[in-house]
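Chemist: In my numbering, the protein residues as written are 1142 to 1390.
Where is the CB? At the ideal position from N, CA and C, for every residue including glycine.
Nothing here was measured: the structure is a model prediction, and the numbers come from that model.
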């Protein structure tokens, strides 16, 4: 709709004319590309290339740029990498960008969260998560996030996963794992990834009816918080997990 001329004139006279739209930063453009990457996974490549070109031209390696690049590299490893070597390399680059972000902003919870996510993904891809040292470092990173932001949903999910996977002698605790997952679920009931993790815990504990309930809720969700991940990763995984326990009492 065209703006009435009288209103336009009044705005100009009063000095209140709308400001020209600011050009989005490379980090903002990359984040916009990644919002619906399930529709076109190649957006991940384009977002990563945009940010790398920005840095190659001498652009600022500020916190938003480093975090956007860490996410783009992480998603490349998750979705676009065609070989294990490509996956490991992408996770390693993501980890390095996130580490730089923590050094730039040591009190920023998101920086430490992305360092924890990418450290965990890289460690898992390298087969290091059976190492007590690697798990200790990952747990320290997650604890840092929760210290800075006690209601950080993703950190609660990671803390729950660590408590679930660690042997008892190394600090594993299934009750603690369930508490972390339930906390994350209370904070965001539509984040379907936490249902997947909780279902895995219930399967490990032989609580198959509860696992099925969580997995069926993943498939039934119509407004997932992270729709791209729900579409590409979580729906297929939930179906596979349900199939694996279909005959369990």
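(1) Apart from the five residues just before and just after residue 1175, which ones in its own chain have a Cβ nearer than 6 Å to its Cβ?
(2) Return the residue from the list 1216, 1355, 1206 and 1204 that minimises the CA-CA distance to residue 1382.
(3) Alpha carbon to alpha carbon, what distance is there between residue 1388 and residue 1210?
(4) If you draw a straight line from the C-alpha of residue 1205 to the C-alpha of residue 1173, how long is it?
(5) Helix, strand or coil: how does DSSP classify residue 1272 here?
(6) For residue 1184, I'd like the list of residues in its chain whose CB is within less than 6 Å of its CB, leaving aside the five on either flank, ordered along the chain.
(7) Beta-carbon within less than 6 Å of residue 1297's beta-carbon, same chain only, minus the 5 sequence neighbours each way: which residues are those?
(8) Assign residue 1299 to one of three DSSP states: helix, strand, or coil.
(9) Exposed or buried, which one is residue 1293 when buried takes at least 16 other CB atoms within 10 Å?
(10) Taking only the alpha-carbon atoms, compute the straight-line gap between residue 1249 and residue 1201 and give it to the nearest angstrom.
(11) Excluding five sequence neighbours on each side, which residues of the same chain lie with their C-beta closer than 8 Å to the C-beta of residue 1305?
(12) If you drop the 5 nearest sequence neighbours on each side, which residues of the same chain put their C-beta closer than 7 Å to that of residue 1264?
(13) Is residue 1240 buried or exposed, if buried means 16 or more other CB atoms sit within 10 Å of its CB?
(14) Could you give the residue range of the alpha helix (DSSP H) that holds residue 1198?
(15) Beta-carbon separation of residue 1226 and residue 1214 under 7 Å?
(16) Output the residue ranges of the alpha helix (DSSP H) runs that lie fully inside the segment 1193 to 1260 and measure 4 residues or longer, sorted by chain position.
(17) If contacts are defined as beta-carbon pairs under 8 Å, then residue 1386 and residue 1352 qualify, I think. What distance do you get, rounded to the angstrom?
(18) Given residue 1287, which residues of its chain have a CB within under 7 Å of its CB, disregarding the five upstream and five downstream residues?
(19) Skipping 5 residues on each side, what residues in its chain have a beta carbon closer than 7 Å to that of residue 1238?
(20) Leaving out five residues on either side along the sequence, give the residues of the same chain with a beta carbon under 6 Å from the beta carbon of residue 1236.
(21) Mind checking residue 1234: buried by the 16 CB within 10 Å criterion, or exposed?
(22) So, for residue 1245: in the same chain, excluding its five sequence neighbours on each side, which residues have a beta-carbon less than 6 Å away from its beta-carbon?
(23) Can you tell me where the alpha helix (DSSP H) with residue 1349 in it begins and where it stops?
(24) Under 7 Å, do residue 1220 and residue 1182 count as touching if we go by C-beta distance?
(25) In angstroms, rounded to a whole number, what distance separates the CA positions of residue 1364 and residue 1329?
(26) Measuring only from the beta carbon, is residue 1207 closer than 6 Å to any heavy atom that is part of the ligand ADP?
Modeler: In this structure, then:
(1) 1188
(2) 1355
(3) 43 Å
(4) 13 Å
(5) coil
(6) 1174 and 1178
(7) 1321, 1324 and 1325
(8) helix
(9) buried
(10) 18 Å
(11) 1313, 1315, 1318, 1338, 1341, 1342 and 1345
(12) 1270, 1275 and 1279
(13) buried
(14) Premise fails: residue 1198 is in no alpha helix (DSSP H) and is neither H nor E.
(15) no
(16) 1204 to 1216 and 1225 to 1245
(17) 6 Å
(18) 1293, 1296 and 1300
(19) 1207, 1210, 1211 and 1214
(20) 1259, 1260 and 1263
(21) buried
(22) 1204
(23) 1349 to 1361
(24) yes
(25) 12 Å
(26) With respect to the ligand ADP, the structure offers nothing, as it holds no ligand at all.
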